[in-house]
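K.L.:
See below:
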């Protein structure tokens, strides 16, 4: 079989679209953000990407129907001239090996190129190792001009961060995309990395939607964030109970 | 060499056959079931599949003759119009890597397609982590209609199970087969997962033979199940002896 | 680069040769045996096999000159009609991955086929987990007839052994060779597996030279065996000293 | 995508160049040496090599601009007839798998061949497991003549070292280059292997520049060496403080 297979449901009539990637990663920030964007903008699935670089696995839905793990392309056709058409990439997994990650990112860019993509936003989390109350959005781009442009949207470019670079699809689409003549921005929401982090996803989306000149509702993400906060506070209580009478250590969720 | 090689002994004259897969896995349920079906239906081996995705190994028979590890295709030509022709896949191993599993499942489906297969049953175990007296048979399918149809045979589709999906050949044949236009059902017999489990294999076969409208004898499987039960009870005795005088803990085989 | 490269120094004029394989493995029995055979029969190197499935490594000789790790083909042109021409395969490594092992064995068989090989002897060790004073030679073959033939040379075919089959080149050449119409015998000398084992290598060669109808000297191997025995006895003394006053346990070298 | 991609910025007009490799490795000796050589000789980058055998990663510069991890080719056009043109290879990583290392070395040699390279120097460290005050430069070559020639430059060829051979690009370029008719020398500076080691890099460069008949300044490397020495002495002090009152153990940095 081919290493990566793209199955089209339709070939949407979109012009000069922007690619937005949100695959699983640190705090699932990118995935949460991209899925929320798809819901809010009523994006339509138009292609699925299967690969032997994913786990050899089907997922079984509540109805008992199985689905091979994949990545999916959705599109948004803009109705407003001030907005751009979008392709949004989400998925169950990233590639399981370094080689697989390259193959997959390369195929995603082939699809992007076919639809005339010239600009990419990759979404992800930036692991802080502690709970972040007001997550900032960190950035990395492929050109100096984009750095300046992004700073105007309040995106932070701290010197020497991320020190270890950006690993996975969010990094590769920038790097390989650049080789194919595409401009890219990676947006990373600060997150503890302990939980799926809807708050960080919202921080990323608030910036992204400004850039894209679209308006979306954040209620769903806010509700998810409250659920996570509630679970975290329960864990904190539990920890407190267990350390009672001992020297108190609240650093973890401090 | 090619990644996967299919060596034909003959090209059987079968029409519209159903593919049944029983490769090694949890409790070896699928393998035990498929091998028993081959014995009872006097299925005939017609092809062997070799691959560099299997271990680099020969198995040596009691006679001193070595055989490269493989998967094997057997066929059953039905003599009754109320029954369908069958292709039954068994084997020594599944692929050793995720990529290998995809390659192998893809080749199996190529063979299936060549013979006009439109429906697949994959057989496996569902690990419960404890001994199961009366194993149920859980199912997953590729269409809503099949879920309904299978429920009529007493197959269980518990919501949200298996939570981690189905990994390996039993899952991939469903997932990749769907992409090739084949309908599939995965039948999973509940099993402790501690031993090879002929009882779970029998549970799976009792359902499958009803669906296939064939009658087979279960004596062999029942004898194997008794042997396993005997061994398990011996181990339980041993455990009891060793924990005597201590707080008794029989959960393991409880 | 190609996965496996064969570099010929010459294409020897040999007829209907027998292939003998002795690559590194348990107790290095096969390698020691094949290298000794090359020395004693003055076999001539005619080809080297390089591959990305070997470690990415050069070995540096005493003269400071580096050599890429490889496998090597040597040939013996028989001068006696009662003897057959030989191709002997030795090497620094076996393939590092299962897939690599298949690729390498497949290429070796391509070379063998080119020279008209119809019979293969693979040499190896059979790990006993304890020191063996009088190592037997165990066998596995690709046909019933060969089992009978080999038994006449004193080769042992114990029922159900080796239980785990034969892994690596010694197994694959049998298995893949059979698919290409070649007959094969694997000869395994019993060995502790703790050390390189020249004694087991000699046991294997004593049988093999009878089969091949050639006579060779074993002095070199006997000397190596004495060195190993000396080292083993020194280790045993050391162990005795260290356990003095304690309950004595000589099982390990018993 | 292709396994290895070479992107040219220009095709330099160089004649009969010598290839010098300095990729990351033990004590980063080769990388430090090659980067220093590039700085001092004002070498010009002319090509970048990308590969799925590198980590799936971008590095982010201080300006916020991301760069896909790669290896880079630089060239030096000699202005003096007594000197040769040079190609210098540096990079962020070596290949992550054995197969990847072979693929990458093979592609580097393809590039080298295109520009008529007939001689290669690979630079690396030789790990001693202890701090070395006056690092020697060990050598390995592809011919006896080169051993003699290199000895005249003070390069050491200790019998039986490196016992484990040379692993990675520095070894493979020798081994694979030889198969392509290129002569090579590996220069290894003795290093503790605990730190990046500019002193070992300088030792290697002092010999290499003599061979190449070029003169360079070593101030930068000497400053880096002082920084490392300072850090090492601070660590030593710390260790001394922590073991005060205890039996002193200064072996580590002795």
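Residue numbers (this note's numbering), protein chains in the order written: chain A, 15 to 268; chain B, 15 to 268; chain C, 15 to 268; chain D, 15 to 268.
Backbone N, C-alpha and C fix where the C-beta goes; we use that ideal spot for every residue, glycine too.
Are the C-beta atoms of residue 180 of chain C and some chain B residue less than 8 Å apart?
P.N.:
True, the Cβ-Cβ gap to chain B drops below 8 Å.
K.L.:
Under 7 Å Cβ to Cβ from residue 164 of chain C, same chain only, skipping five residues before and after it: list those, please.
P.N.:
Taken in chain order, the residues that qualify are 153, 155 and 199.
K.L.:
Taking the alpha carbon of residue 223 of chain D as the point to measure from, which residue in D:162, D:145, D:96 and D:74 has its own alpha carbon closest?
P.N.:
Checked all of D:162, D:145, D:96 and D:74; the closest Cα to residue 223 of chain D is D:96.
K.L.:
Quick one: Cα of residue 46 of chain A to Cα of residue 252 of chain A, how far?
P.N.:
Cα to Cα, residue 46 of chain A sits roughly 27 Å from residue 252 of chain A.
K.L.:
Going by DSSP in three states, residue 21 of chain D sits in which element: helix, strand or coil?
P.N.:
Of the three classes helix, strand and coil, the one that applies to residue 21 of chain D here is strand, per DSSP.
K.L.:
Are the region 124-135 of chain B and the region 188-204 of chain B touching, with three or more C-beta to C-beta distances below 8 Å?
P.N.:
Short answer: they touch.
K.L.:
In the DSSP assignment, the alpha helix (DSSP H) including residue 223 of chain A goes from what residue to what residue?
P.N.:
It spans 212-226 - the alpha helix (DSSP H) in which residue 223 of chain A sits, taken as one unbroken run.
K.L.:
What does DSSP give as the partner residues of residue 61 of chain D in its beta bridges?
P.N.:
The partner list for residue 61 of chain D (beta bridge, DSSP) reads D:22 and D:87.
K.L.:
Name the DSSP bridge partner or partners of residue 198 of chain B?
P.N.:
Residue 198 of chain B is bridged to B:134.
K.L.:
Is residue 42 of chain B a contact residue of the ligand MG, with contact defined as CB to any heavy atom under 7 Å?
P.N.:
The ligand MG is not part of this structure, which contains no ligands at all.
K.L.:
So is residue 29 of chain A buried or exposed if we call it buried at 16+ other beta carbons inside 10 Å?
P.N.:
Per the 10 Å Cβ criterion, exposed.
K.L.:
In three-state DSSP terms, what is residue 139 of chain C?
P.N.:
DSSP places residue 139 of chain C in strand when its eight states are reduced to three.
K.L.:
For the region 74-89 of chain C, enumerate the residues whose C-beta is nearer than 8 Å to any C-beta of chain G, in chain order.
P.N.:
In summary, chain G is missing from the structure at hand, where the protein chains are A, B, C and D.
K.L.:
Could you run through the region 112-132 of chain A and flag, in chain order, every residue whose CB is less than 7 Å away from some CB of chain D?
P.N.:
Listed by position, the residues of the region 112-132 of chain A near chain D (Cβ gap below 7 Å) are 112, 113, 115, 116, 117 and 120.
K.L.:
Could you please give me the residues that DSSP links to residue 81 of chain C through a beta bridge?
P.N.:
For residue 81 of chain C, which the question treats as bridged, DSSP gives the partners C:73.
K.L.:
Where residue 267 of chain B and residue 94 of chain B are concerned, what is the direct C-alpha to C-alpha distance, given to the nearest angstrom?
P.N.:
Legend: pLDDT at residue 267 of chain B = 42, less than 50; position of this residue unreliable, value from coordinates given subsequently. Taking the straight line joining both Cα atoms gives about 44 Å.
K.L.:
Taking only beta-carbon atoms, is residue 173 of chain B less than 8 Å away from chain A?
P.N.:
It does; some Cβ of chain A falls within 8 Å.
K.L.:
So, is the C-beta of residue 192 of chain A closer than 8 Å to a C-beta in chain D?
P.N.:
It does: the Cβ of residue 192 of chain A has a partner Cβ on chain D nearer than 8 Å.
K.L.:
Looking only at its own chain, which residues have a Cβ that is under 8 Å from the Cβ of residue 15 of chain C, when we skip the five neighbours before and after it?
P.N.:
So the qualifying residues of the chain are 66.
K.L.:
Do residue 185 of chain C and residue 71 of chain B have their CB atoms nearer than 8 Å?
P.N.:
A contact, by the Cβ cut-off of 8 Å.
K.L.:
Is there at least one Cβ from chain D nearer than 8 Å to residue 158 of chain A's Cβ?
P.N.:
By this cut-off, residue 158 of chain A is an interface position.
K.L.:
What are the boundary residues of the alpha helix (DSSP H) that residue 183 of chain C is part of?
P.N.:
Here the alpha helix (DSSP H) through residue 183 of chain C covers 183-193.
K.L.:
Of all the residues that make up the region 140-171 of chain A, which are near chain D by a beta-carbon distance shorter than 7 Å?
P.N.:
Answer in chain order: 153, 154, 155, 156, 157, 158, 161 and 171.
K.L.:
Counting only beta-carbon separations shorter than 8 Å, does residue 59 of chain A have a partner in chain B?
P.N.:
No, its Cβ sits nowhere closer than 8 Å to a Cβ of chain B.
K.L.:
Who are the near neighbours of residue 80 of chain C in its chain, counting only those whose CB is closer than 8 Å to its CB and skipping five residues on each side?
P.N.:
Contacts found: 72, 73 and 74.
K.L.:
How would you call residue 27 of chain D, buried or exposed, if buried means at least 16 neighbouring beta carbons within 10 angstroms?
P.N.:
Exposed, by the Cβ-count rule.
K.L.:
For the alpha helix (DSSP H) containing residue 119 of chain C, name the first residue and the last one.
P.N.:
Here the alpha helix (DSSP H) through residue 119 of chain C covers 112-128.
K.L.:
Classify residue 211 of chain C as buried or exposed, calling it buried when 16 or more other Cβ atoms lie within 10 Å of its own Cβ.
P.N.:
With 16 or more other Cβ atoms within 10 Å, it is buried.
K.L.:
Taking the C-alpha atoms as reference points, what is the distance between residue 108 of chain D and residue 20 of chain D?
P.N.:
Their Cα atoms are separated by approximately 15 Å.
K.L.:
Comparing alpha-carbon positions, which option in B:53, B:63 and B:76 lies nearest residue 173 of chain C?
P.N.:
Among B:53, B:63 and B:76, the Cα nearest to that of residue 173 of chain C is on B:76.
K.L.:
Classify residue 136 of chain A as buried or exposed, calling it buried when 16 or more other Cβ atoms lie within 10 Å of its own Cβ.
P.N.:
Buried: at least 16 other Cβ atoms inside 10 Å.
K.L.:
When the Cα atoms are used, what is the spatial distance from residue 59 of chain C to residue 189 of chain D?
P.N.:
Spanning the two alpha carbons is a distance of roughly 18 Å.
K.L.:
Per DSSP, what are the beta-bridge partners of residue 152 of chain D in this structure?
P.N.:
DSSP lists D:170 and D:202 as partners of residue 152 of chain D.
K.L.:
Distance check for residue 86 of chain A and residue 187 of chain A, CA to CA, integer angstroms please.
P.N.:
Those two C-alpha atoms are separated by around 16 Å.
K.L.:
If the cut is a Cβ gap below 7 Å, which residues of chain B does residue 21 of chain A touch?
P.N.:
Those within 7 Å of residue 21 of chain A in chain B are 193.
K.L.:
Which residues does DSSP list as the beta-bridge partners of residue 101 of chain A?
P.N.:
DSSP lists A:33 and A:89 as partners of residue 101 of chain A.
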